[in-house]
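Chains as they are written, first to last, in the working numbering: chain A, 1 to 232; chain B, 1001 to 1232.
2 protein chains.
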Amino acid sequence: MSTRPVEIGGSLVDLAVQAVRNHIRDHDLKVGDSLPGEGQFATSLGVSRAVMREAFGALAALRLLDVGNGRRARVGAIDGSVMGASLEHAVTTSQISVADVWDVRRTLEVRIAALAAERRSAEQAEQILALAEAMVRDQGDMARVTAHDTAFHQVLAAATGNVLFAQIVRSFAPQMEVAVPKAWETRHAQEEKAGILSLHRRIARAIADGDSGNAAAAMEAHFDASIGDHLR
Amino acid sequence: MSTRPVEIGGSLVDLAVQAVRNHIRDHDLKVGDSLPGEGQFATSLGVSRAVMREAFGALAALRLLDVGNGRRARVGAIDGSVMGASLEHAVTTSQISVADVWDVRRTLEVRIAALAAERRSAEQAEQILALAEAMVRDQGDMARVTAHDTAFHQVLAAATGNVLFAQIVRSFAPQMEVAVPKAWETRHAQEEKAGILSLHRRIARAIADGDSGNAAAAMEAHFDASIGDHLR
C-alpha cells in the first residue's frame, strides 16, 4: 500500500534518527546550532535521502530539531507541546482520565508553589500578584479568566528556575483551556468563585512573602477546592 | 535546498496533522483502531500525498499513530518514550540539568509511593518486595541492580493505577540507565550501598503494609540519600 521505503519505526529510519541524536551529543551542540543537511547525513550513513528525510521529519515532530523553511535544521528547544500532544491524545482516546491528569498536576503544582516561594525574582512576584488580581477583575469573562489562570501557573513554574517543571506545566495548558471554563461554569454560587479567586490571591501572597510552606498549603487547598468541579 | 513541498511545522502539514487528530476525536477512536489511509485523507483534505505522508510521519513520531509495515495506521498507545526523547535531548544539550530532572522525579516518586501503598494489588506488592530483595542479592552486578531499580520504580508507578504517572516514570528510564550505575560507582563505602538497599526494602515493606505515610517518607529518605551522588 505504502510507497514509503521504510516506515517510521523501521530499522533504517530508527538508525538515522539515532545517528542525528548522536551527532548532536558528540559535537556538544546547543539550542540553535545548525546541523549538516539531510544529504550529508544520507551519504555518511549510506542510507537513501528518503530515509533521511523521514528521520528529520520525526526529529522535527519531537522538537529535537527545528526545521524552518528552506534553511538548515537547527537543534530544537525543549517544548511542552510534545508532551501536551501525548497527553491530549491519551485523554481523547480514554487511555488516561481527567482525574489522572489532575492528580499529576496537583503533585507537581504543590512542589512548584513551594519552590517558587523560595526562588522567584521580585519581578515574578509582582507578575504573580498581578495575575491573581486580574482573575478577580475579569471574573465575568471566562476567556480572560482562563488566560490569566494559565499564565498564573506558568509564571509560578518558571519561577522555580527548573525548566522541566515549566515545560510539564506548559503541556497541561491545552487541558486547562477546556477544564477551566468547564469548572467555572459549574460554579454557580458566587461564594464558590470567590473562594477559588481568594486561593489564587493567597498563593500569590505566600510566594511574594517567600513563605514556601504556606504557598504549598494554599496550592493544595486550591486543588482540593477545584477537584470536585473537574470530576463532577 | 529542500525538495520537500512543505516543511514540518508548515501550515499545510500542521493542518493535515490536526485533521487526523480531529478524525480520531470525532470518531471516538481508541487504541488499536485503524484509520483511513494517507491517500483518503489527502483527497478529502485536498492536499498532496506528500503532505499527508509527512503528517503521518509526524504523528507516528509522537506515537499518536502506530504505523506498521504496509498495514493501515492505527491509533497509538501513550508511550513514555516520547517524553523520554525530549528529556534526554534537553539534558544532552544542557537545557535542563540532572538536578532539575532529579527534583521533578522526586516530586512524582513521593506521591507515587503514597498512592502505590493505597492501591497496589497483592501481586504488585509481591513484585515490589521481590525487586527490593533482588537488588540486595545482585548488588555486585551493576547492570542487574540498575535493571531491578528501574523495574522497582516502574512497578510502583503502575501500582498507582494512574497511567500518566507510569508513563512519566518510564520517560525517566533512559536517564536512570546512566545515573544509577554512576551513583553506584561513587558509593565506595559498603555501608552507603547498604543504606540505599535498605531504603528500597523499607519502601517495599510500607507499600505491602498499605502504609502510605511511611511509603512516602521512605521514598523521600531514598531521594535525600541519593541526591548527593547525582550532583557530585
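Ideal Cβ placement from N, Cα and C applies to all residues, glycine included.
Asked                                                                                                         : Found
Status (buried if at least 16 other CB within 10 Å, exposed otherwise) for M219 of chain A                    : buried
DSSP three-state assignment for R1021 of chain B, whether helix, strand or coil                               : helix
Neighbourhood of P181 of chain A by C-beta, 6 Å cutoff - its chain only, sequence neighbours within 5 removed : M142 and T146
Alpha-carbon to alpha-carbon, V1075 of chain B and H153 of chain A                                            : 31 Å
7 Å Cβ cut-off: residues of chain A touching M1219 of chain B                                                 : The contacting residues do not exist; M1219 of chain B stays about 13 Å from chain A at best.
Where S34 of chain A sits in the DSSP three-state scheme                                                      : strand
Distance between beta carbons of G1210 of chain B and E1118 of chain B, contact taken as under 8 Å            : 7 Å
Alpha carbon of V104 of chain A to alpha carbon of I1024 of chain B, nearest angstrom                         : 25 Å
Min CB distance G1084 of chain B to chain A below 8 Å                                                         : no
Any C-beta of chain B under 8 Å from that of H89 of chain A                                                   : yes
Expected contact under 8 Å - CB spacing of L59 of chain A and V17 of chain A to nearest Å                     : 6 Å
Residues in the segment 1155-1166 of chain B having any Cβ partner in chain A nearer than 9 Å                 : T1160, G1161, N1162, V1163, L1164 and F1165
Alpha carbon of S11 of chain A to alpha carbon of N1069 of chain B, nearest angstrom                          : 11 Å
Selection from B:A1050, B:M1083 and B:R1120 that minimises the alpha carbon distance to F1172 of chain B      : B:M1083
Inside the segment 119-158 of chain A only - alpha helix (DSSP H) runs reaching at least 4 residues           : 122-137
Cutoff 8 Å: Q18 of chain A Cβ touching any chain B Cβ                                                         : no
Chain A within 8 Å of T1093 of chain B, Cβ atoms only                                                         : yes
Near the ligand SAH: G39 of chain A beta-carbon under 7 Å from a heavy atom                                   : With respect to small molecules bound, the structure shown includes none, and the ligand SAH cannot be examined in it.
Contacting residues, own chain, Cβ-Cβ under 7 Å from A1221 of chain B (five flanking each side not counted)   : L1199
Under 8 Å by beta carbon: chain A residues contacting E1177 of chain B                                        : Simply none; closest approach about 15 Å.
Residues in the segment 1194-1213 of chain B having any Cβ partner in chain D nearer than 7 Å                 : The displayed structure is made up of protein chains A and B, and chain D is not among them.
Proximal chain B residues relative to A58 of chain A, where beta-carbon distance stays under 7 Å              : G1057 and A1061
Assigned exposure category for T186 of chain A - 16 Cβ within 10 Å defines buried                             : exposed
Proximity test, Cβ basis, 8 Å: L1029 of chain B and chain A                                                   : yes
Distance between V98 of chain A and P1036 of chain B (C-alpha atoms, nearest Å)                               : 28 Å
Nearest to T93 of chain A (by Cα), restricted to the options B:S1034, B:A1204, B:R1111 and B:D1224            : B:S1034
Option nearest A132 of chain A by Cα separation, candidates A:D14, A:A204, A:R53 and A:T43                    : A:A204
Contact with chain B by T146 of chain A, beta-carbon distance below 8 Å                                       : no
Counted within 10 angstroms of its Cβ, other Cβ atoms place A183 of chain A as buried (16 or more) or exposed : buried
Proximal residues of chain B, C-beta to C-beta of I78 of chain A below 9 Å                                    : S1086, L1087, H1089, A1090, T1093, Q1095 and I1096
For A1019 of chain B and F1041 of chain B, believed in contact at Cβ under 8 Å, the rounded distance          : 7 Å
Interface residues of the segment 96-111 of chain A facing chain B [CB-CB below 7 Å]                          : I96, D100, V101, D103, V104, T107, L108 and R111
Own chain residues within Cβ distance below 6 Å of F1223 of chain B, not counting five before or after        : R1106
Beta-carbon proximity check, L164 of chain A vs V1178 of chain B, cutoff 8 Å                                  : no
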